[in-house]
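Which chain is which? The protein sequence lines are Z and W, in order. Under my numbering, the residues of the first sequence are numbered 622 to 736, in order. Under my numbering, the residues of the second sequence are numbered 622 to 736, in order. Where a beta carbon is used, it is the ideal one built from N, C-alpha and C, also for glycine. Quick caveat, the model's predicted, so the values are computed rather than measured.
Protein chains: 2
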Amino acid sequence: MTQSGRKSADIVAADPEHMALVARALSHPARIRILQLLAEQDECRGAEVFSELPLAQSTISEHLRVLKEAGLVSAHPIGTAMTYCLVPERIAAFTDALDFVADAPACDSYPVRDA
Amino acid sequence: MTQSGRKSADIVAADPEHMALVARALSHPARIRILQLLAEQDECRGAEVFSELPLAQSTISEHLRVLKEAGLVSAHPIGTAMTYCLVPERIAAFTDALDFVADAPACDSYPVRDA
DNA sequence: GCGTTTAATCGTTCATCGACGATAAACGAT
DNA sequence: ATCGTTTATCGTCGATGAACGATTAAACGC
């Protein structure tokens, strides 16, 4: 299931469409922040997320929806509240797919330039 | 400059703004495709990129601009043409920053659910 | 010099995103 | 049964993104 061997390049879904979808889910500071939050807590935390970000509740809910849709976060109800947690396998699958690219040799002898 | 040690989590820019910027650059199938192309060629290739994607030249040029701006690709002129190549360090820095998240324990005992 | 080739830029159009407030739905407690 | 709490959804609006064709700029060959 795309995680038997790391660095296998072909195994991990290197499908551009899929990778782009995951990347798009990651492409907003608020969503990165949410992931970091969940990672720090290690215990899955409820909607203290709402209190941590300077955004309207509805906005954060939308961000969570995007993350869930990308499979990066899972959620389950606890009473009237919600518990969110990371799905590290998904993120790992994504980074694996990217490593396939990262491991390629850089164009010979051209140093990194900013912008 | 953010590439002394891998997996250091704090060193690599875990700055949400920056990570989101890189992710946004990756958030389009055409751009992923371009990166894969460059990775496969290992020799930096010119604008055969233009012939590989079913998009207008101007569109692809724009995608390349985005990738360059994110530091994922570098370019230098060769005669009247251009040579593009990956900047693997950047991608590695990004995946490192993500691994910090991916290495977090999953929320105890909740299986991966799709969507 | 002159045309050719290659890439970047410009201007436009249409679609998608991000943010918000307001509202609705689900649940626990009283 | 009703109220307060918590989260998801809806409708709107402004901003950004993606795509294209046309144009411009640079580097080469002749």
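Selection from the options that minimises the alpha carbon distance to residue i
{"i": "alanine 702(W)", "options": "Cys728(W), Leu693(W), Ala668(W), Glu690(W)", "result": "Ala668(W)"}
{"i": "arginine 654(W)", "options": "Pro726(W), Pro637(W), Leu707(W), Ala635(W)", "result": "Leu707(W)"}
{"i": "alanine 725(Z)", "options": "Ala635(W), Leu658(W), Ala727(W), Val643(W)", "result": "Leu658(W)"}
{"i": "proline 637(W)", "options": "Ala727(W), Phe715(W), Cys728(W)", "result": "Phe715(W)"}
{"i": "histidine 697(W)", "options": "Glu664(Z), Cys665(Z), Cys728(Z), Gln662(Z)", "result": "Cys728(Z)"}
Beta-bridge partners of residue i, as assigned by DSSP
{"i": "alanine 644(Z)", "result": "The partner list for alanine 644(Z) (beta bridge, DSSP) is empty, contrary to what the question assumes."}
{"i": "glycine 728(W)", "result": "Before going on, a small fix: residue 728(W) reads as cysteine here, not glycine. DSSP output for cysteine 728(W) lists no bridge partner at all."}
{"i": "serine 695(Z)", "result": "Cys706(Z)"}
{"i": "arginine 666(W)", "result": "Tyr705(W)"}
Between the CA atoms of residue j and residue i - distance to the nearest angstrom
{"i": "aspartate 720(Z)", "j": "glycine 700(Z)", "result": "40 Å"}
{"i": "alanine 723(Z)", "j": "alanine 660(W)", "result": "8 Å"}
{"i": "alanine 641(W)", "j": "threonine 680(W)", "result": "22 Å"}
{"i": "proline 675(Z)", "j": "proline 650(Z)", "result": "12 Å"}
{"i": "threonine 704(W)", "j": "leucine 656(W)", "result": "13 Å"}
{"i": "valine 687(W)", "j": "alanine 691(Z)", "result": "23 Å"}
{"i": "histidine 639(W)", "j": "arginine 652(Z)", "result": "12 Å"}
{"i": "cysteine 665(Z)", "j": "alanine 718(W)", "result": "20 Å"}
{"i": "glutamine 662(W)", "j": "glutamine 662(Z)", "result": "42 Å"}
{"i": "glutamine 678(W)", "j": "glutamine 678(Z)", "result": "42 Å"}
8 Å Cβ cutoff met for residue i and residue j
{"i": "leucine 685(Z)", "j": "alanine 646(Z)", "result": "no"}
{"i": "lysine 689(Z)", "j": "serine 695(Z)", "result": "yes"}
{"i": "alanine 635(Z)", "j": "serine 648(W)", "result": "no"}
Does the contact criterion of 3 or more C-beta pairs under 8 Å hold for the stretch 669-682 of chain W versus the stretch 708-717 of chain W? no
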